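Step one of this worksheet: look at the structure below.
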Amino acid sequence: MDKVAVLGAGSWGTALAIVLAENGHDCLLWSHREEQANEINEQHTNAKYLPSVQLPTTLRATHILADAVAHADVIVMAVPTKGIRETCQKMMKTLGREILFVHVSKGIEPDSLLRISEIMREEIDEAFIEDIVVLSGPSHAEEVVLHHPTTVAAACENLASAERVQDLFMNQYFRIYTNQDVIGVEMGGALKNVIALAAGVTDGLGYGDNAKAALITRGLAEMSRLGVKMGAEPLTFSGLAGMGDLIVTCTSVHSRNWRAGNMLGKGMTLQEVLDQMGMVVEGVRTTKGAHQLAEKYDVIMPITSALFEVLFEEQNANEGVEKLMQRMKTHEMAWLFE
């Protein structure tokens, strides 16, 4: 039995806490809301994020961050990307020993252009970091809690740490593969949200399967181009954290990013979409970061650029698609030759 704290009681953090509890680990789930922690402890539910799901009675919750940190030998970071830095800063006040960190957030911080693990290393003293492992792949919380077969990757340059996380989470319905390409796994998880937003837009506009297949394929090419320029292994983008996560996020009604894009395609403003969603849509913030990274690394990312204009420059979605279709002709594998 390992003592694990999961920080973030949204749908994904709660689903992972369920996996850990069902695997026999002593898991404590942290919520910043006292009423949510009380609901988990007393009613064994998390109705806002996972309605109709009964949580294991062995899964406990707290709203006191210091208690969660003191409990854990392993900390799973499941807060939204925009909350990572602040949460790490608060943790630093209570950390007193080395911890194995696992992060499951998928995003890029705009302006700083840092990946999640880089933000964590900026804010947490290295003396308290045993290692940081990235857990990412095609994994909707709504299906994991139903014990539907799910497979993800645990990435760390130190393979032994990735294998430890593999052992923590793996069971008959949740399968983990190890990977040592941290950059590729983090960038795959972040950038697929951008493409999923765009896929939702095309569906909202009423386009069909041809358009979606093209968007996913060319989106994967964009993801790979930028990731490789940043130091990732090309094959990672053909794996679970790349192609796998991209497919599920672009095609599933469980996907917040697809749903948000779908509403944009139907004519809603970005603020109207965010107000109606009521949950974090990681792809919106990541689109800005990806656009900035494309400029920094001089990488052509036409889908990302078009979506950036729709989100932040009031570009009409139909006109954005027209601009994509009328781009200068090129070879499908042009970036390989470059």
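The numbering of the sequence shown is our numbering, which starts it at 17 and goes up by one.
A virtual CB, placed ideally from N, CA and C, is assigned to each residue, including glycine.
As the structure is a prediction and not an experimental result, all values here were calculated from the model.
For C43 versus T74, is the C-beta spacing smaller than 9 Å? Yes. Within cutoff.
Quick check: what's the CA-CA separation for A25 versus Q308? Rounded to whole angstroms, the separation of the alpha carbons of Q308 and A25 is 30 Å.
Compute the Euclidean distance between the alpha carbons of V4 and E173, then round it to the nearest angstrom. Since the displayed the chain opens at 17 and closes at 354, residue 4 lies outside it and no answer follows.
If P154 sits next to G29, beta carbons under 8 Å apart, how far is it from one beta carbon to the other, in whole angstroms? That pair is no contact at about 17 Å.
Does the beta-carbon of W68 have 16 or more other beta-carbons within 10 angstroms, so that it is buried, or is it exposed? Going by the sequence as given, residue 68 is Ser instead of Trp. Exposed, since its Cβ has fewer than 16 Cβ neighbours within 10 Å.
Round the Cβ separation of I145 and T97 to the nearest angstrom and send it over; I've been treating them as touching at under 8 Å. That pair is no contact at about 19 Å.
Is the segment 105 to 118 close to the segment 279 to 297, with three or more CB pairs under 8 Å? Counting Cβ pairs under 8 Å, fewer than three are found: no touch.
According to the Cβ coordinates, are A88 and I115 closer than 9 Å? Cβ distance < 9 Å, so A88 and I115 count as in contact.
Pair every Cβ in the segment 270 to 279 with every Cβ in the segment 248 to 257, then say whether three or more of these pairs are closer than 8 Å. The segment 270 to 279 vs the segment 248 to 257: no contact.
If distances are taken between C-alpha atoms only, which option among V198, V201, V264 comes closest to A229? Considering only V198, V201, V264, the residue with the shortest C-alpha distance to A229 is V264.
By how many angstroms is the C-alpha of I34 removed from the C-alpha of L236? Going from the Cα of L236 to the Cα of I34 covers about 31 Å.
Rounded to whole angstroms, what is the Cα-Cα separation between D141 and V118? When only Cα atoms are considered, D141 and V118 end up about 16 Å apart.
In the DSSP assignment, find the beta strand (DSSP E) that holds F190 and state where it starts and stops. Element bounds for F190: 190 to 195.
Might you give, ordered along the chain, the residues of its own chain that have their beta carbon closer than 6 Å to the beta carbon of A82, omitting 5 neighbours on each side? Correct list, in chain order: T110.
Nearest-angstrom Cα separation, counted from G299 out to T267: Rounded to whole angstroms, T267 to G299 spans 15 Å at the Cα level.
Going residue by residue through the segment 63 to 112, where are the continuous alpha helix (DSSP H) segments of at least 4 residues, counting only ones entirely within it? Secondary structure remark: continuous alpha helix (DSSP H) runs of at least 4 residues inside the segment 63 to 112, in chain order: 81 to 87, 97 to 108.
Can you tell me whether R113 is buried or exposed? The criterion is at least 16 other CB atoms within 10 Å of its CB, across all chains shown. Note on R113: under 16 other CB atoms within 10 angstroms of its CB, so exposed under the neighbour-count rule.
Report the CB separation of V22 from A94 in whole angstroms; it is logged as a contact under 8 Å. Right, the Cβ-Cβ distance comes to about 6 Å (below 8 Å), so this counts as a contact.
Element boundaries [beta strand (DSSP E), containing D42]: Looking at the DSSP string, the run of the beta strand (DSSP E) that includes D42 is 42 to 46.
Would the beta-carbon of T252 be found less than 8 Å away from any heavy atom of the ligand PLP? This structure does not include the ligand PLP; it has no bound ligands of any sort.
Count the other C-beta atoms from every protein chain shown that fall within 10 angstroms of the C-beta of A276, then say buried if there are 16 or more, exposed otherwise. Within 10 angstroms of the beta-carbon of A276 lie 16 or more other beta-carbons, which makes it buried.
Is A178 near T194, with beta carbons less than 9 Å apart? At a Cβ-Cβ threshold of 9 Å, A178 and T194 count as neighbours.
Less than 8 Å between the CB atoms is what I'm expecting for L231 and I211, so what's the real figure, rounded? So it is a contact: roughly 7 Å between Cβ atoms.
Tell me which residues share the same chain as V297 and place their Cβ nearer than 7 Å to its Cβ, disregarding the 5 neighbours each side in the sequence. Within the same chain, R272, N273, A276, L290 come within 7 Å of V297 by CB-CB distance, once the 5 residues on both sides are set aside.
With distances taken from CA atoms, which of N278, M279, L221, E202 is nearest G247? Of the candidates N278, M279, L221, E202, the one whose C-alpha sits nearest the C-alpha of G247 is E202.
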